[in-house]
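Here is the structure:
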């Protein structure tokens, strides 16, 4: 009765749900299902006894948004990061606390977009997921761009793609294979094929600007030409992503909706109806985004200090550490569903996030930098681009037969370890090379090809 009274108040606040029945409620994507695995059902019995309606609604929202996740224990890191920055504590402490604070915020943004989707319908909800699914990476990238730290932008976005393709998918397939040794593990190849195709297009758009420098004459300046090619390729990628969203939400929605089975646990079942109102969810979403922006600014400001203090390169922190911590909630959800032998959801999370970063966030950053007068291109340098290329090729071969076992996950995980070790030993301080993105090769072309 207590929960029913609070839900009735939500309906009064918003005028009813759109798609509240099972037949018309919005289809749940893999991201929704993954995030719901980390949620816990709230008991509103005490809140319902508060006499003041406004205070009751506020307390109910606080309980659903702040206490409705298993990552609640990490929320104190947010005020601690603000205090550490305000009182000028050690910069590495600010960096570490900000990263920890971003972890529950990323999961809560996914929760809030799903709640809003119950009132707006599946199409608008899908668009929210398509644009806010990697809001943390996008906000960090924009703050890094505003400080002209182009290398941090490239490293962090590259790390997100590699993390989703190798670490998340590798760990999920390994754990899922070990947990289901006596079960046949299958998944729908059609969704994996579409995402692999999009990733190969993204790889082409990253390869051409890098190869463009090797194709020209040694004395010919190629920085401007590479920049123009990158901007044109970014527009093509954004156009392709728009068509991909139309394909995902309109014409072939059945390929991307998570198929819910009859037996679901309480956490998943609790996601079948809205628990907060539309305007409450909208206000919370704006507030969470502002807090993410604040912590992202702290991360960008302190990453070099953390690099010097911990003895780790900026490339390692950006490519390895940032994606692991920032997307820990989403990654954990993918692994949980792999344990349950629901690989379609796992693949939807890992490949969907990688596709969104590569085809939407990266080209959007190039366009945003263009409007800001910053010369950011798609040339991620030789080592980084080759790591991306080999990862996408390995994934394409791994997922081609529609079946899985733990050996596939083990190999993917080892690939990620090798790439992480490579960037661990790589030392490229940003202070010594403030604009290394636009530097020309120091070796003659003939020497490069002889090597």
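Residue numbers (this note's numbering): 488 to 938. For glycine and all other residues, C-beta sits at the position ideal for the given N, C-alpha and C.
Between the C-alpha atoms of residue i and residue j, what's the straight-line distance to the nearest angstrom?
i, j, result
"residue 897", "residue 625", "30 Å"
"residue 891", "residue 619", "30 Å"
"residue 571", "residue 887", "49 Å"
"residue 835", "residue 769", "26 Å"
"residue 587", "residue 762", "26 Å"
"residue 553", "residue 771", "10 Å"
"residue 682", "residue 539", "50 Å"
"residue 633", "residue 893", "43 Å"
"residue 636", "residue 666", "43 Å"
"residue 569", "residue 766", "27 Å"
"residue 654", "residue 694", "23 Å"
"residue 793", "residue 582", "7 Å"
"residue 656", "residue 701", "34 Å"
"residue 595", "residue 817", "11 Å"
"residue 795", "residue 913", "14 Å"
"residue 692", "residue 866", "9 Å"
"residue 734", "residue 740", "7 Å"
"residue 557", "residue 819", "11 Å"
"residue 847", "residue 684", "15 Å"
"residue 710", "residue 730", "30 Å"
"residue 475", "residue 679", "Residue 475 cannot be examined here, being either before or after the span of the chain that is shown, 488 to 938."
"residue 802", "residue 903", "15 Å"
"residue 676", "residue 578", "46 Å"
"residue 670", "residue 830", "12 Å"
"residue 716", "residue 696", "7 Å"
"residue 738", "residue 849", "25 Å"
"residue 777", "residue 811", "22 Å"
"residue 668", "residue 910", "34 Å"
"residue 742", "residue 674", "11 Å"
"residue 550", "residue 841", "32 Å"
"residue 690", "residue 574", "44 Å"
Could you spell out where the alpha helix (DSSP H) holding residue i opens and where it closes?
i, result
"residue 784", "765 to 797"
"residue 897", "893 to 912"
"residue 954", "The displayed coordinates of the chain run from 488 to 938. Any statement about residue 954 would go beyond what the structure contains."
"residue 940", "No answer is possible for residue 940: the residues shown for the chain start at 488 and end at 938."
"residue 677", "676 to 702"
"residue 731", "710 to 733"
"residue 817", "815 to 826"
"residue 761", "Note, residue 761: premise wrong, no alpha helix (DSSP H); not H, not E."
"residue 566", "564 to 573"
Can you list, in chain order, the residues of its chain whose CB lies under 7 Å from that of residue i, leaving out five sequence neighbours each side?
i, result
"residue 874", "649, 906"
"residue 567", "584"
"residue 825", "659, 660, 662, 663, 833"
"residue 718", "853, 857"
"residue 822", "658, 659, 662"
"residue 599", "768, 771, 772, 775"
"residue 844", "621, 624, 644, 647, 648"
"residue 714", "862, 864"
"residue 786", "582, 585, 586, 627"
"residue 804", "790, 793, 794"
"residue 672", "663, 664, 828, 830, 890, 891, 892"
"residue 869", "697"
"residue 699", "709, 712, 713, 716"
Once you ignore the five residues that flank residue i on each side, which residues in its own chain have a CB closer than 6 Å to its CB?
i, result
"residue 928", "Per-residue confidence for residue 928 stands at a pLDDT of 37, beneath the threshold of 50, marking its modelled position as unreliable; the derived number appears in the next sentence. Once the five neighbours on either side are set aside, residue 928 has no close Cβ partner at all."
"residue 863", "637, 853, 856"
"residue 815", "590"
"residue 878", "649, 652, 653"
"residue 641", "867"
"residue 943", "Look at the range of the chain in this structure, 488 to 938, and you will see that residue 943 is not part of it."
"residue 639", "631, 805"
"residue 580", "571"
In chain order, what residues of the same chain lie with their CB nearer than 8 Å to the CB of residue i, ignoring the 5 residues before and after it?
i, result
"residue 623", "589, 592, 593, 596, 779, 783, 813, 814"
"residue 615", "600, 603, 604, 607"
"residue 727", "685, 688, 846"
Quiz item: Which runs of the alpha helix (DSSP H), 4 residues or longer, sit entirely within the segment 594 to 672?
Solution: 609 to 619, 622 to 633, 637 to 649, 656 to 666
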